[in-house]
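Note sheet for the following structure.
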Amino acid sequence: MSDEQYMREAVELARANINAGGAPFGAVLVRDGKIIARAVNEVHTTNDPTAHAEMQAIRQASHALATPDMSGAVMYASGHPCPMCFAAMHRCGIRAAYFAYSNEDGEPFGMSTAAIYEEFKREPQARALQMRALRPTGEQGLYEAWQALQS
9 MSDEQYMREA VELARANINA GGAPFGAVLV RDGKIIARAV NEVHTTNDPT
59 AHAEMQAIRQ ASHALATPDM SGAVMYASGH PCPMCFAAMH RCGIRAAYFA
109 YSNEDGEPFG MSTAAIYEEF KREPQARALQ MRALRPTGEQ GLYEAWQALQ
159 S
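Per the numbering used here, residue 9 is the first one in the sequence shown, and the count goes up by one each step.
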């Protein structure tokens, strides 16, 4: 199959999800020319705000392949992946992602995550979501404990 065929399938999944009462997001995850996962946004059925199509595809593939390593895989998503999905794809080794509809396409419909991407450009203390370091007194060695068990 070609890139366009994989993308066409992601868009078809998104259209079917609209008809099922969900958001217009579908994803197809491919590695070595084989589809390893197909998914749709399931926020409407799970009430899980992380149940985006790309995240669901990664979860399915990780379970099916019994590994968190998706090195060399390619994601085809109906919409521009949000920062959460981008980070998950990056962390699991997906090498490329294609999207059919951009943040600009989604903006008039409330489907853009461009503002979140902009938020990342701000200094941590200037972000809307406040993040501050707070290590309890005397706490140390957490990562060293983990590393010791990896050997």
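Here a beta-carbon is modelled for each residue, glycine too, at the ideal position from N, C-alpha and C.
Nearest to residue i by CA position, among the options, is which residue?
{"i": "Ile44", "options": "Thr75, Leu137 and Pro91", "result": "Thr75"}
{"i": "Ala108", "options": "Ile26, Thr121 and Val19", "result": "Val19"}
{"i": "Phe94", "options": "Gln133, Ala141, Tyr14 and Ala122", "result": "Ala122"}
{"i": "Ile61", "options": "Pro32, Val38, Lys42 and Gly41", "result": "According to the sequence displayed, residue 61 carries Ala and not Ile. Comparing Cα positions, the closest option is Pro32."}
{"i": "Val38", "options": "His71, Ala24, Leu21 and Ala105", "result": "Ala105"}
{"i": "Asp11", "options": "Asp40, Asn25 and Val48", "result": "Asp40"}
{"i": "Val36", "options": "Glu152, Asn55, Arg67 and Val51", "result": "Arg67"}
{"i": "Lys42", "options": "Asp113, Glu112 and Leu73", "result": "Leu73"}
{"i": "Cys100", "options": "Tyr125, Gly80 and Ala24", "result": "Gly80"}
Considering only DSSP beta bridges, list what residue i is partnered with.
{"i": "Leu5", "result": "Outside the shown range of the chain, which is 9 to 159, sits residue 5, and nothing can be said about it."}
{"i": "Ala104", "result": "Val82"}
{"i": "Tyr109", "result": "Gly87"}
Residue i to residue j, Cα distance in whole Å?
{"i": "Glu131", "j": "Ala141", "result": "14 Å"}
{"i": "Pro144", "j": "Pro116", "result": "45 Å"}
{"i": "Lys129", "j": "Ala69", "result": "31 Å"}
{"i": "Gly146", "j": "Trp154", "result": "18 Å"}
{"i": "Ala136", "j": "Glu127", "result": "8 Å"}
{"i": "Gly29", "j": "Pro57", "result": "16 Å"}
{"i": "Gln64", "j": "Ala156", "result": "32 Å"}
{"i": "Arg46", "j": "Ala22", "result": "11 Å"}
{"i": "Pro91", "j": "His98", "result": "10 Å"}
{"i": "Ser110", "j": "Asn27", "result": "21 Å"}
{"i": "Met9", "j": "His88", "result": "22 Å"}
{"i": "Gly34", "j": "Val48", "result": "4 Å"}
{"i": "Gln133", "j": "Ser120", "result": "24 Å"}
The region 79 to 89 in contact with the region 9 to 18 per 3-pair CB rule at 8 Å: Taking a cut-off of 8 Å for Cβ pairs, the region 79 to 89 and the region 9 to 18 touch, as three or more such pairs fall below it.
Within the region 10 to 36, ranges of the beta strand (DSSP E) (whole runs, at least 3 residues): Positions of the beta strand (DSSP E) runs, each at least 3 residues long and wholly inside the region 10 to 36, cannot be given because no such run exists.
Length-filtered (4 minimum) alpha helix (DSSP H) runs lying within the region 116 to 158: For the region 116 to 158, the full-length alpha helix (DSSP H) segments reaching 4 residues or more read 122 to 127 and 150 to 158 along the chain.
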